[in-house]
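Numbering (the working numbering), first residue to last: 18 to 258.
This is how it looks when you write it as structure tokens:
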């Protein structure tokens, strides 16, 4: 059995402005959440990894919000009743050839929790794949694709998310100078937060609709690499004199 103490911001009754119409206010009456986590893991042939975890917690801290008539939103942490979850995970990583390496990741979880008269049950999943392609020792391409299922839990609701990202890079000057072109494409990604009337309201979102991003990375390593040191066997030299 373990527990964790609420943070200072979660306990402070001071109102903190997060945006034009959103304020965060702590809760001095928060209790210390208690519970336990159990996990098992197994690795197969060095490139397969499996794990399972189970957790039971009481009085976990979640954020709820209340919208005033004037549109002002107050977010406040509270202790929910109980929660328990099951999670499984599997990963695979392997070097196919000298110039190609592949990786894959998959996870799923089930969470059941309660707050007062409200009960929440949710299932979520995440799948991703990565490719590392080395065209030359100084030229490569890293590419990743990921998908996250929609999930609705006590405290928030999240829409599904899909992302494609990658990097094309080239190194110069004995790999001291790094030049990379980064690109990323997002699908619709939004998060809604739970209100006291058991409804959901959007007060913040990371991305709305699809979003594309292209960036440039230039990095130089000023560290001096250690030079090779020649060792001399003095005992052998003395014996030969």
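Note that beta-carbon positions come from the ideal geometry of N, C-alpha and C, so glycine has one too.
For this session: Provide the residue span of the alpha helix (DSSP H) that contains residue 36, from first to last.
Result: As a position in the chain shown, residue 36 is number 19, starting the count at 1. Counting along the chain, residue 36 falls outside any alpha helix (DSSP H), and DSSP gives it neither H nor E.
For this session: Check residue 21 in the structure and name its three-state DSSP category.
Result: Residue numbering aside, residue 21 sits at position 4 when the chain shown is read from its first letter. In this structure, residue 21 counts as coil in the three-state DSSP scheme.
For this session: Alpha carbon to alpha carbon, how far is residue 180 from residue 149? Give it in angstroms, no decimals.
Result: Here residue 149 refers to the residue found at position 132 of the chain shown. Here residue 180 refers to the residue found at position 163 of the chain shown. Approximately 17 Å, taken between the alpha carbons.
For this session: Specify whether the segment 160–178 and the segment 188–195 touch according to this definition: at least 3 beta carbon pairs, one from each stretch, less than 8 Å apart.
Result: no
For this session: Over the uninterrupted beta strand (DSSP E) stretch that includes residue 84, give me the two end residues.
Result: Here the question's residue 84 lines up with position 67 in the chain shown. Its beta strand (DSSP E) spans residues 78–84.
Problem set entry | Residue of 141, 111, 85, 158 minimising C-alpha distance to residue 105 | As a position in the chain shown, residue 105 is number 88, starting the count at 1. Here the closest residue by C-alpha is 141.
Problem set entry | Within 9 Å, strictly: CB atoms of residue 170 and residue 128 | Start at 1 with the first residue of the chain shown, and residue 170 comes out as number 153. Start at 1 with the first residue of the chain shown, and residue 128 comes out as number 111. For residue 170 and residue 128, yes; Cβs fall inside 9 Å.
For this session: Indicate whether residue 175 and residue 130 have their beta-carbon atoms separated by less than 9 Å.
Result: Position 158 of the chain shown, counted from the start, is the residue given in the question as residue 175. Position 113 of the chain shown, counted from the start, is the residue given in the question as residue 130. No, they are not a contact pair.
Exercise. Helix, strand or coil for residue 175 per DSSP?
Worked result: Translated into the one-based positions of the chain shown, residue 175 becomes position 158. Strand, per DSSP.
Problem set entry | Outcome for residue 132 when other beta-carbon atoms lying within 10 angstroms are tallied against a minimum of 16 | Taking the first residue of the chain shown as position 1, residue 132 is located at position 115. Classification of residue 132: buried, given that the 10 Å Cβ count is 16 or more.
Problem set entry | Given 8 Å, three or more beta-carbon pairs between the segment 69–79 and the segment 34–54 | Touching, yes.
Problem set entry | CA-to-CA distance, residue 102 to residue 199, given in whole angstroms | Translated into positions along the chain shown, residue 199 becomes position 182. Translated into positions along the chain shown, residue 102 becomes position 85. The alpha-carbon atoms of residue 199 and residue 102 are separated by roughly 36 Å.
Problem set entry | Contact set for residue 67: own chain, Cβ-Cβ below 6 Å, skip 5 residues either direction | For the purposes of this step, residue 67 is identified with residue 50 of the chain shown, where counting begins at 1. So the qualifying residues of the chain are 59, 107.
Exercise. Based on Cα-Cα distance, which residue from 233, 154, 134 lies nearest to residue 116?
Worked result: Reading the chain shown from its first residue, position 99 is the one you call residue 116. Closest by alpha carbon: 154.
Problem set entry | Minimum C-alpha distance to residue 31 - residue among 85, 94, 87 | Sequence index remark: in the chain shown, residue 31 carries index 14 (1-based). If we check each option's Cα against that of residue 31, 94 comes out closest.
Problem set entry | Residue nearest to residue 24 in terms of C-alpha spacing, selected from 44, 152, 57, 87 | What you label residue 24 is simply residue 7 of the chain shown in a count that begins at 1. Taking only the C-alpha atoms, the option nearest residue 24 is 44.
For this session: Assign residue 222 to buried or exposed, taking buried as 16 or more other Cβ atoms, counted over all protein chains shown, within 10 Å of its Cβ.
Result: For the purposes of this step, residue 222 is taken as residue 205 along the chain shown, with counting starting at 1. Here residue 222 scores only 45 on pLDDT, less than 50, and its place in the model is too uncertain to base an answer on.
Exercise. Between which two residues does the beta strand (DSSP E) carrying residue 30 extend?
Worked result: Sequence index remark: in the chain shown, residue 30 carries index 13 (1-based). No beta strand (DSSP E) holds residue 30; DSSP gives it neither H nor E.
For this session: Pick helix, strand or coil for residue 66, following the three-state DSSP scheme.
Result: The count along the chain shown starts at 1 and reaches residue 66 at position 49. Three-state result, residue 66: strand.
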